[in-house]
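Here the sequence shown stands for residues 22 to 382, numbered as in the numbering used here. Here is the structure we will look at, set down as structure tokens.
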Amino acid sequence: MSSAKTTASANTEFPNRVFSGVQPSGAITLGNYLGAIRNFVRLQDEMECIYCVVDLHAITVWQDPAELANQTREITAAYLASGIDPKRSIIFNQSMVSAHAELGWLFSCVARMGWMNRMTQFKDKAGKNREKVALGLFAYPALMAADILAYKATHVPVGDDQKQHLELTRDIAAKFNYDFCGEDQPGYFPITEPIIQGSATRVMSLRDGSKKMSKSDPSDMSRINLTDDADAIALKIRKAKTDPEVLPGGEALSEDGQGLSDTLRSERPEAANLLSIYAAMSDQSLAQVIEAKQGHSFADFKKDLTEVVVERFSPISAEMQRLMDDKAEVDAVLRDGAERAAAIAEPILRGAYDRVGLLKP
Ligand code: AQP
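So this is what it looks like as structure tokens:
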């Protein structure tokens, strides 16, 4: 795990700046909240933050055009309702700032096919359908690198599933610097640090502890959405897959006592998942949760878990509802954010064009 405060940065020449995003590819989930948005909110106190609704990424798989704009507004509403302050941080949607697509093309010419071929998310999403998926799904990590580097962002808070894409972003920045900056140090782009923090950096499906919780999972019972009401949350947690044993004791902790043991994760993935969610949502360490809950039945534990999730999400979902009823407020935030984002990205894009030798008088 890395932290903005503790990472020895190769980026001392670049001012600290955070960039991250969420795709408007469906209802926002507990996984997105714990892996990403919660950290987005916290980081506002530490450095300049830019948070994007990455709609160009969403269309790498089919999105209903009649729904997409509202999905974009819903992710924006989730940002605002969770505590991202649009005055302090920049909030906008990706398609409004053309520098993303333009720099994405440059990076498609920097990234190597061999690097892209190793991306496990593409393999997971394409599955057996490799020949029929969009070219954009394959190129996605080059666009993601452009999202980040269009702002020379030094830190990117993400869930564990995005770690490999972040490594690719670092490779693209290093290759661009090598190819186009020669001996000039520190190069044109920073080598960005991921921030993967919290007790639940990879929240798993409620129906299958070996699968990531995802917006696009066909089963709504596999995930908790930020917009779910208390009854829906209670039902989903009650029906969540578990095992016949009671909750484990101290042997379930990893050697350093900070995380869960690999044995628990591999042999009882559903128990590991629910314990991690509980710890993260109740702001406790895994050790505290295990000490308090060992020997409890899943039936009792699920009631406690429901309580903490409902308590945390009720005000967020009420505020999201208010914002979704006032689209003008959401659209104004996006417009203002896009202007501020473009003002940062345009000169950086121009500098990249210049280094590559593209004429933009
Ligand atoms: N299950 C998860 N646990 C922890 N973090 C997660 N994230 C996503 N799922 C989990 C983090 O949320 C941020 C936004 O993700 P995204 O919208 O860019 O795309 P994704 O990673 O592909 O998320 P989904 O929900 O699975 O979307 P779909 O179904 O459209 O692919 C990222 O920081 C991600 O790590």
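Using N, Cα and C, we set each Cβ at its ideal position, and we do this for glycine too.
Phe159 has its alpha-carbon roughly 13 Å from the corresponding atom of Leu77. Between the C-alpha atoms of Ser243 and Ala255 there is a straight-line separation of about 13 Å. The closest CA to that of Lys233, considering only Met225, Gly271, Ser240, is found on Met225.
At the C-beta level, Leu55 and Ala301 come within 7 Å of one another. The beta carbon of Asn37 lies closer than 6 Å to those of Met68, Thr175 in the same chain, with the five residues before and after it left out.
According to the DSSP secondary-structure assignment, Thr97 is paired through a beta bridge with no residue. Not one heavy atom of the ligand AQP is found less than 6 Å from the C-beta of Ser243. Cα atoms of Tyr100 and Ile58: separation of roughly 7 Å, rounded to the nearest angstrom.
Sequence-distant Cβ neighbours of Glu123 in its own chain, meaning closer than 7 Å and more than five residues away, are Leu370. Each residue's CA atom was taken as its position, placing Phe128 and Ala194 some 9 Å apart. With contacts defined by Cβ atoms closer than 7 Å, Ser220 and Leu307 form a contacting pair. As computed with DSSP, Ser41 is found in a beta bridge with Tyr72. Secondary structure remark: continuous beta strand (DSSP E) runs of at least 3 residues inside the stretch 190-229, in chain order: 214-216. Gln44 counts as buried, since at least 16 other C-beta atoms from the protein chains shown sit within 10 angstroms of its C-beta. DSSP lists Cys73 as the bridge partner or partners of Phe113. Under DSSP, no beta-bridge partner is assigned to His78. By the Cβ test, the stretch 99-114 is in contact with the stretch 348-368, since at least three Cβ pairs between them sit closer than 8 Å.
For Asn53, the shortest C-beta to heavy atom distance toward the ligand AQP is below 6 Å.
Residue environment analysis places Asn246 among the buried positions, since at least 16 neighbouring C-beta atoms fall within 10 angstroms of its C-beta. Within the stretch 242-309, complete alpha helix (DSSP H) segments of at least 4 residues are found at 251-260, 283-288, 290-302, given in chain order.
Take the alpha-carbon of Ala363 and the one of Thr141: they are about 31 Å apart.
With the rule of 3 Cβ pairs closer than 8 Å, the stretch 205-212 does not count as touching the stretch 280-296. The three-state reading of DSSP puts Lys108 in coil, since its state is none of H, G, I, E or B. Comparing alpha carbon positions, the residue from Val74, Arg333, Ser103 closest to Gln92 is Val74. Between Phe61 and Pro215, the CB-CB gap reaches or exceeds 7 Å.
Using a Cβ-Cβ distance cut-off of 8 Å, the stretch 254-274 and the stretch 309-327 are in contact, since at least three pairs of beta carbons, one from each stretch, lie closer than that value. Counted as a single uninterrupted DSSP element, the beta strand (DSSP E) harbouring His176 occupies residues 176-178. The straight-line gap separating the alpha-carbon atoms of Phe334 and Ala353 is approximately 25 Å. If one requires a minimum length of 3 residues, no beta strand (DSSP E) run lies completely within the stretch 314-375. Only exposed fits Met134, as fewer than 16 other CB atoms lie within 10 angstroms of its CB.
With a cut-off of 6 Å, the C-beta of Ser297 is classified as distant from the ligand AQP, since no heavy atom of the ligand falls inside that distance. The C-beta separation of Ala90 from Ala366 comes to about 22 Å, leaving the pair out of contact by the 8 Å criterion. The ligand AQP never approaches Lys381 closely enough for any of its heavy atoms to be under 6 Å from the residue's Cβ. It is roughly 42 Å from the alpha-carbon of Val131 to the alpha-carbon of Arg289.
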